[in-house]
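Structure record follows, encoded as structure tokens.
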Amino acid sequence: MVAFPTETVYGLGANALDENAVRKIFTAKGRPSDNPLIVHIARTEQVSALAVEIPDSANKLIERFFPGPLTVVLKKNKSVPDIVTGGLDTVGIRMPRHETAFRFLEACGVPVAAPSANRSGRPSPTTWQAVLTDLEGAIPCLLVGDPVEIGIESTVIDCTSEIPVLLRAGAVTLEHIREVVPEAITAGSNDRLLGRSPGTRYRHYAPSGSVEVVGSADLALAGPDHAFIGLDAPCQPDRFGFVQLCDSVQQYAFHLYDFFRACDASGIRVIYCQAVEPVGLGSALLDRLVRASSR
Ligand code: TXA
Ligand code: MG
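In structure tokens:
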């Protein structure tokens, strides 16, 4: 079991073909056993050993976006143990583009099942220090490498039906996906489609302080145990416990989870997060803000 950086967040990996190795991940994270893991690969040729009936749409997405922050869900091959997929007959596959991840996966020589390297229910780790905060003592090995680049998790798209369905927004946006697969749709709040994404059933990405998403910065109320993150300055910024101003949506996404962790560590009670436009990476960022704010 090895924690390693990727361009999205740190992952906690083990040999995807070894049931006992994968079980250790669930134990270390305290993760519900019906929440499936993404299988990480170093080369596109590995897809055919993990999946069957690979449709055209998936081949197009793989050709365009691998390596990168996209997970493609396909019908699984028998070789993938049920523990990896939470009992589903599908498997999520991703090929990261981070240098350390690539070298690690290449050296492993086997597909690597890896969820984000946080304790279940905590924000995904975007630094090696965050991995240690959650998992020190519970994992034998952590690769440090270059920092992550994006800071929120990969886009997940289900390609098992005729029309591909976006299950989780990420840095590869619906707009990007439609350039190669115009018919792709987003699960949005459609329960039947969302049912395909077990991860969405769990409370996720949540700091201990309560998260309030505000439409504009001046709606955030100052206070010593209040914090603010966003693109514009709040009123009376000196009267907040913490303020993180970001120059762009990219920077906002990059800082978000570490900001949540910093707020937790200093007992912040209310975390105001400025909403962003739901376009491009903004859709993924807004998705994470709304999830973090749901009680
Ligand atoms: O960026 C990422 O995706 C990171 C890095 C480490 O690659 N990994 C990550 O893994 O975020 P995790 O386990 O925290 O989130 C995986 C998400 C969950 O929402 C899970 O339900 C969904 O992907 N998922 C995995 N396999 C699936 C499948 N076969 N069908 C539907 N959803 C799946
Ligand atoms: Mg996770």
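One gets the working numbering by counting positions in the sequence shown from 1 and adding 1213 to each. Here a beta-carbon is modelled for each residue, glycine too, at the ideal position from N, C-alpha and C. The structure presented is a predicted model; accordingly, all values stated were derived computationally and were not measured.
DSSP three-state assignment for residue i, whether helix, strand or coil
i: K1291; result: coil
i: L1494; result: helix
i: C1486; result: strand
i: I1376; result: coil
i: F1441; result: strand
i: I1267; result: coil
i: D1471; result: helix
i: V1357; result: coil
i: L1458; result: strand
i: E1366; result: coil
i: I1296; result: helix
i: L1225; result: strand
i: I1254; result: coil
i: D1302; result: coil
i: A1326; result: strand
i: F1453; result: strand
i: S1506; result: helix
i: S1261; result: helix
i: E1276; result: helix
i: I1398; result: strand
i: E1349; result: coil
i: L1283; result: strand
Any non-hydrogen atom of the ligand MG closer than 7 Å to residue i Cβ
i: S1374; result: no
Proximal residues to residue i (C-beta, below 8 Å), its chain only, five neighbours per side dropped
i: T1368; result: P1282, L1283, T1284, L1379, R1381, A1382, G1383, A1384, V1385, T1386, I1390 and A1497
i: A1241; result: M1214, L1225, L1348, A1351 and I1352
i: P1280; result: M1308, P1309, R1310 and F1315
i: D1477; result: P1420, S1421 and G1422
i: K1291; result: none
i: T1399; result: V1378, L1379, A1382 and L1387
i: R1332; result: K1242, G1243, D1347 and L1348
Residue-chain proximity (residue i, chain C), Cβ-Cβ < 8 Å
i: L1263; result: Considering every chain present, this structure includes no chain C. It has just one protein chain.
Residue i beta carbon near the ligand TXA (any heavy atom closer than 7 Å)
i: G1520; result: Shown here, the chain extends from 1214 to 1508; a query on residue 1520 therefore has no answer.
i: P1309; result: yes
i: V1286; result: yes
i: L1250; result: yes
i: T1399; result: no
i: G1305; result: yes
i: S1367; result: yes
i: G1224; result: yes
i: P1282; result: yes
i: D1371; result: yes
i: L1301; result: yes
i: L1379; result: no
i: T1346; result: no
i: T1339; result: no
i: T1221; result: yes
i: T1298; result: yes
i: H1253; result: yes
Cβ shell of residue i (< 7 Å), same chain only, five flanking positions each side left out
i: I1296; result: E1232, V1235 and R1236
i: V1393; result: K1273, L1274 and R1277
i: R1335; result: D1347
i: Q1463; result: L1494
i: L1287; result: A1264, I1267, A1271, T1303, V1304, I1306, C1372 and T1373
i: V1503; result: V1426
i: A1475; result: F1455
Cβ neighbours of residue i in the same chain (closer than 6 Å, five flanking residues each side left out)
i: D1438; result: G1454, I1481 and R1482
i: I1251; result: T1284, G1305 and R1307
i: N1228; result: A1234 and V1323
i: C1197; result: A query on residue 1197 cannot be resolved here, the shown segment of the chain reaching from 1214 to 1508 and no further.
i: T1219; result: P1309, H1311 and A1314
i: I1442; result: Q1457, F1472 and C1486
i: D1445; result: A1430
i: P1450; result: V1456
Which residues count as close to the ligand MG when the rule is a CB under 6 Å from any of its heavy atoms, in chain order?
P1328, S1329 and S1337
Is it true that the stretch 1338 to 1347 meets the stretch 1248 to 1268, where meeting means three or more beta-carbon pairs spaced less than 8 Å apart?
no
When the Cβ atoms of the stretch 1461 to 1477 are set against those of the stretch 1425 to 1434, are three or more pairs found closer than 8 Å?
no
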